[in-house]
Structures are given as C-alpha cells and as structure tokens.
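In this note's numbering, the protein residues as written are 373 to 846.
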C-alpha cells in the first residue's frame with residue numbers, strides 16, 4: 373500500500389456499510405473497556421490474501437488504528453484450520469488458538485451479500501473471538517412487534533389478519549427472522565425483549581393464541597413493555613429490569629423515525645439500519661456482535677437463571693438461597709468475571725495480580741440443589757496486618773437480592789482481625805458499586821489515598837447489613 377493510500381484510509385470512513393458497523397459498534401465499543409495493544413499473527417492465509425483489494429487494506433488499517441495489528445505468515449495451498457498467536461503487547465502476555473473453517477459456503481454467501489472477500493470475513497471473525505475472550509459486549513436484543521416480528525399492525529388489522537399474513541409467502545421472512553432470534557436466545561443466552569406501542573395485555577393474549585410455527589418466539593420473551601412512551605425511555609426500563617446497561621442492547625424496529633429517536637437519545641444502543649430481515653441477519657453476522665469464543669452452559673442458562681430469580685423475588689424480595697465458596701486456582705473463573713463485568717466491579721484490574729494473590733468465586737445454589745452459576749468473585753492478598761482486595765465483581769444477574777450484603781459480611785469475617793482494604797476506581801459504568809458505597813457509607817471509608825477504601829464493620833453495621841439478606845453459606 374502506498375503512503376498516499378494509507379493517508380486516504382486514515383482520513384476516510386471505511387468504504388463498506390457492513391464493515392463500518394463492525395468497526396463502530398463492535399471494535400470501537402470494545403475499546404471503551406480495553407485499550408491494550410494486540411499483535412495477531414495468522415498462519416496460513418498469506419496465499420489467499422487478495423491483491424489490490426482496497427476494502428481489505430482499509431479493514432487492516434482500521435484494525436491497526438484500534439490497536440489490532442495483523443501479521444500473516446505461512447504459504448499453504450489449502451487450509452481448513454488456522455493457527456493464531458495473539459500477543460497482548462501492553463501486558464506482555466500471549467495465547468494461541470485455532471480458527472476452524474467449517475462452513476465455507478456460509479462464508480461465501482456472506483461475502484456475496486456484503487462485498488467483503490472471504491479472507492476479510494475470516495479476519496473479522498478471528499478478531500471477534502479475541503474480543504469475545506475478554507468482553508461480552510451485547511447481551512440483549514429488543515424488538516418492535518408490528519411489521520418487525522409479525523406482518524401487520526395489531527391495533528388496525530387484528531389477530532386474524534396477522535395470522536393470515538404470517539402463513540402467506542410474505543410472512544416467511546418474519547418467521548425465519550424469529551427463528552434466528554430464538555436460536556440466539558437458546559444457544560447464547562441472549563435476552564429477548566419486546567418494546568411496542570400496543571397494549572401489553574393485548575400483546576400477551578395474541579401471542580398466547582398464535583401457534584409457535586407462526587410466532588417462533590412464543591415462550592421465549594424475557595420482558596415485554598408496551599406503551600406510547602418514547603422507545604428510548606422504554607429501553608432504559610428494559611435495561612434496568614434485565615440488570616444490564618443500555619449499551620449492551622441491540623434495538624430492532626422497522627420505523628425509521630423510531631430508530632432515529634433511539635439513536636439520538638441513546639447513542640450507546642446499537643440500532644441497525646435495514647429494509648429486509650435478511651439485512652439484519654447480515655449485519656449481525658458480519659459485525660460479530662454475537663460471536664463467542666466458546667459455547668457456555670452458563671451463558672445458555674442465563675435466561676433461565678433470570679426467570680428463576682424473578683420467581684424467587686415474587687415469593688420473597690430477599691430470596692432464600694445458598695452460596696457456595698470455591699478456591700480459584702490460577703484465577704481462571706475470577707478473571708473471566710472481572711473482564712465481563714461492568715456495573716459492579718471495584719477495579720479495572722482484571723488479571724494483573726502478584727504471585728501471592730488468591731481468588732475465590734461464589735456460586736448460587738437453590739434449595740433443591742440446582743446450581744444457578746457463578747455470581748461473584750474476589751481477588752486478594754494479605755500480610756500479617758492487612759487484607760487487601762484487588763478486585764471484587766458481581767454478575768449482573770444477581771444485583772439487589774442480598775448478595776452484596778452476604779459477601780460484605782463474608783469478606784469482613786475472612787479478613788478479621790486484619791485491616792481490610794479494597795481497591796476502587798470509579799468509572800462511567802460501575803454505578804452499582806457507587807450505590808453500595810452510598811447505601812453503607814458508614815462502612816466504607818472513602819477518604820483514602822492510592823484509590824483504596826478501608827472497610828470497617830461494627831456490630832451495629834453488621835446487624836443492619838444482615839437485615840438486608842436472606843442468603844446463607846452452603
């Protein structure tokens with residue numbers, strides 16, 4: 373690439389709408405959380421790199437500007453398994469993994485629809501796996517109903533007309549799209565919510581009447597909100613209900629005015645532009661927003677766990693569950709939770725710990741013995757005089773059910789009689805930590821230097837905290 377071509381790339385947006393979405397709504401969003409520089413060495417693709425492909429060159433240059441430098445080596449004539457070395461230059465760590473080319477026709481199909489060559493798509497997927505190892509960026513998809521999920525307007529056409537539309541040839545794309553969304557929910561644990569201007573009772577009754585072959589999302593909806601408010605306001609409510617941030621939501625609506633309203637008022641929400649349902653699927657596929665580095669039972673069970681906790685809350689605002697404590701040798705589970713947590717995480721330090729650091733992770737167990745998964749983790753060091761917590765995080769699924777209080781008492785007991793310190797760095801995301809500090813301001817001495825807080829519990833504060841939890845040690 374000539375010097376003038378590099379200058380042009382640096383001063384212009386990438387010349388492909390699909391790759392612009394990939395860069396703006398995936399790669400750049402990751403950089404809001406992680407600024408580390410990565411060097412990715414890809415083995416075996418050199419012979420397949422297109423010559424004089426400006427779009428491919430733009431992709432590599434854009435990735436480089438966002439601290440993902442790609443190097444290709446090895447000249448193989450055929451390849452189905454790509455060896456990749458990913459070096460974190462900032463932290464001086466390296467890991468290796470393989471990328472399997474298992475469905476070449478699907479890659480060719482995406483290439484034909486997006487004008488991105490197959491090697492370019494493979495590279496976006498490789499970067500997607502690396503990002504997915506460090507951060508789950510998108511956790512929910514919020515969907516309009518009328519002319520988005522079903523064909524027609526419920527308030528004007530009624531259920532019979534909508535049913536007739538859906539069994540027609542024109543209804544097929546709606547059904548296929550819902551099957552795609554259903555699979556995201558079942559296989560990846562993506563939350564599925566509806567945001568409509570219809571009446572909520574009417575929506576629920578219509579969905580109950582429709583067969584699953586017409587409405588594949590039947591029994592798959594995690595939350596429904598229906599009113600005439602701005603959808604940006606409703607998305608905030610959905611995020612709060614699901615205990616996630618708005619920036620982890622993808623919003624799908626056929627109405628351009630509504631899309632523009634959400635983009636203006638909630639720019640952190642990903643709002644794809646589309647005219648056909650296949651456009652949405654292509655955008656979501658190429659942008660890698662739902663790419664994962666592993667198939668996880670914990671992720672698959674996320675929606676089930678959410679529903680169980682909601683049911684427990686209905687019976688008791690402070691659910692009666694048990695907590696199992698586990699030693700985390702090598703900090704494996706702890707660093708996973710730290711890297712993926714936003715709202716309740718005390719420190720940005722996800723994995724840079726001294727050799728004498730110890731980690732614990734905690735699981736929630738129901739009365740019937742069912743394990744609801746990992747809910748929290750801490751990493752700490754201790755001396756003869758101090759107990760120093762370097763990070764503490766909670767999964768967003770378990771906010772405000774007494775877990776914060778249970779663990780605060782647990783940490784106090786673990787540290788006693790030593791001086792208890794915790795690292796704290798306020799960010800634009802960890803507001804749940806701020807709420808805990810405010811709620812128990814008599815416990816957290818925030819007037820400390822070096823971004824540390826001293827935690828001091830008295831008999832009075834312990835009694836107060838115990839009143840706000842029904843959780844118990846297993």
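Beta carbons are placed, not taken as given, at the ideal position from N, Cα and C, and that holds for glycine.
Small disclaimer: the values here were computed from a predicted structure and weren't measured.
Worksheet item: Thinking C-alpha only, which one of 449, 488, 497 is nearest residue 471?
Response: For the purposes of this step, residue 471 is taken as the residue at position 99 of the chain shown. Nearest to residue 471 by C-alpha distance, out of 449, 488, 497, is 497.
Discussion item. If distances are taken between C-alpha atoms only, which option among 810, 818, 780 comes closest to residue 829?
Written reply: Counting from 1 along the chain shown, the entry for residue 829 is found at position 457. Among 810, 818, 780, the Cα nearest to that of residue 829 is on 780.
Fill in: Proximal residues to residue 481 (C-beta, below 6 Å), its chain only, five neighbours per side dropped
Counting from 1 along the chain shown, the entry for residue 481 is found at position 109. In the same chain as residue 481, and ignoring 5 residues on each side of it, no C-beta atom comes closer than 6 Å to its own.
Practice prompt. May I ask which residues mark the beginning and end of the beta strand (DSSP E) holding residue 745?
Written response: In the chain shown, the residue the question calls residue 745 occupies position 373. Where residue 745 is concerned, the enclosing beta strand (DSSP E) stretches over 743 to 754.
Discussion item. Could you pull the DSSP bridge partners for residue 546 from this structure?
Written reply: Numbered from its first residue, the chain shown carries residue 546 at position 174. For residue 546, which the question treats as bridged, DSSP gives no partner whatsoever.
Worksheet item: Under a three-way DSSP split, which group does residue 678 fall into?
Response: In the chain shown, residue 678 corresponds to position 306, counting from 1. Helix, per DSSP.
Practice prompt. Kindly list the residues whose CB is nearer than 6 Å to the CB of residue 844, restricted to its own chain and excluding five residues on each side of it in sequence; keep chain order.
Written response: Position 472 of the chain shown, counting from 1, holds the residue named residue 844. Counting only Cβ-Cβ distances below 6 Å, and skipping sequence neighbours, we find 694.
Worksheet item: Hey, how far is the Cα of residue 467 from the Cα of residue 602?
Response: For the purposes of this step, residue 467 is identified with residue 95 of the chain shown, where counting begins at 1. For the purposes of this step, residue 602 is identified with residue 230 of the chain shown, where counting begins at 1. Computed Cα separation, rounded: 45 Å.
Practice prompt. Pick helix, strand or coil for residue 694, following the three-state DSSP scheme.
Written response: If you number the chain shown from 1, residue 694 lands on position 322. Reduced to three states, the DSSP call for residue 694 is strand.
Worksheet item: Given 8 Å as the limit, is there contact between the region 646 to 662 and the region 385 to 397, that is, 3 or more CB pairs closer than that?
Response: Counting Cβ pairs under 8 Å, three or more are found: they touch.
Worksheet item: What first and last residue would you give for the beta strand (DSSP E) that runs through residue 429?
Response: To locate residue 429, count along the chain shown from 1; it is residue 57. Element bounds for residue 429: not the beta strand (DSSP E) but the alpha helix (DSSP H), 426 to 437.
Discussion item. Using C-beta distances below 7 Å, list every residue in its chain close to residue 373, excluding the 5 sequence neighbours before and after it, in chain order.
Written reply: Working through the chain shown from its first residue, we reach residue 373 at position 1. Because the pLDDT at residue 373 is just 44, under 50, the model does not fix this residue reliably, and the value given afterwards should be weighed accordingly. Answer for residue 373: 429, listed in chain order.
Worksheet item: Secondary structure at residue 666, three-state DSSP: helix, strand or coil?
Response: Residue mapping note: residue 666 aligns to position 294 of the chain shown, counting from 1. Secondary structure at residue 666: coil, using DSSP grouped into helix, strand and coil.
Discussion item. Using only the alpha-carbon positions, how far apart do residue 381 and residue 588 sit?
Written reply: Here residue 381 refers to the residue found at position 9 of the chain shown. Here residue 588 refers to the residue found at position 216 of the chain shown. In this prediction, residue 381 scores a pLDDT of 39, lower than 50, which makes its location untrustworthy; no coordinate-derived value is stated.
Worksheet entry | Segments of 3+ residues assigned as beta strand (DSSP E) that fall wholly inside the region 567 to 593 | none
Item to complete: For the region 437 to 479, list the beta strand (DSSP E) runs that are entirely contained and at least 3 residues long, ordered along the chain.
Response: 440 to 445, 453 to 460, 465 to 472
Worksheet item: Which term fits residue 639, buried or exposed, when burial requires 16 or more other beta carbons within 10 angstroms of its beta carbon?
Response: Counted from its first residue, the chain shown places residue 639 at position 267. Exposed.
Discussion item. Based on DSSP bridge pairs, tell me the residues matched to residue 760.
Written reply: By one-based count along the chain shown, residue 760 stands at place 388. 753, 793, per the DSSP bridge assignment.
Practice prompt. To the nearest angstrom, report how far apart residue 837 and residue 705 are at their CA atoms.
Written response: Start at 1 with the first residue of the chain shown, and residue 837 comes out as number 465. Start at 1 with the first residue of the chain shown, and residue 705 comes out as number 333. So the alpha carbons of these two residues sit roughly 27 Å apart.
Worksheet item: Would the region 705 to 717 and the region 501 to 508 be scored as touching if the rule is three or more Cβ pairs under 8 Å?
Response: The region 705 to 717 and the region 501 to 508 touch, with no fewer than 3 CB-CB distances between them shorter than 8 Å.
Fill in: Under the three-state DSSP convention, the category residue 600 falls into
Here the question's residue 600 lines up with position 228 in the chain shown. Correct three-state label for residue 600: coil.
Practice prompt. Out of 413, 438, 593, 437, point me to the one whose CA is closest to residue 551's CA.
Written response: As a position in the chain shown, residue 551 is number 179, starting the count at 1. Checked all of 413, 438, 593, 437; the closest Cα to residue 551 is 593.
Worksheet item: By Cβ distance, which residues of its chain are closer than 8 Å to residue 456, with the 5 residues on each side in sequence left out?
Response: Taking the first residue of the chain shown as 1, we reach residue 456 at position 84. Taken in chain order, the residues that qualify are 412, 413, 414, 415, 468, 469, 470, 471, 498.
Worksheet item: For residue 768, does the count of other Cβ atoms within 10 angstroms reach 16, so buried, or fall short, so exposed?
Response: Sequence index remark: in the chain shown, residue 768 carries index 396 (1-based). When all chains shown are included, residue 768 counts as buried.
Item to complete: State yes or no: is the C-beta of residue 426 within less than 8 Å of the C-beta of residue 546?
Response: Numbered from its first residue, the chain shown carries residue 426 at position 54. Numbered from its first residue, the chain shown carries residue 546 at position 174. Not closer than 8 Å, so no.
Discussion item. Can you check which of these residues, 776, 764, 402, 611, is closest to residue 842 by C-alpha distance?
Written reply: The residue labelled residue 842 in the question sits at position 470 within the chain shown. Nearest of 776, 764, 402, 611 to residue 842, Cα basis: 776.
Discussion item. DSSP three-state label for residue 420, please.
Written reply: Reading the chain shown from its first residue, position 48 is the one you call residue 420. In this structure, residue 420 counts as helix in the three-state DSSP scheme.
Worksheet item: Considering only residues of the same chain and omitting the five flanking positions on each side of residue 613, which have a CB-CB separation below 7 Å?
Response: Walking along the chain shown from the start, residue 613 turns up at place 241. Contacts found: 595.
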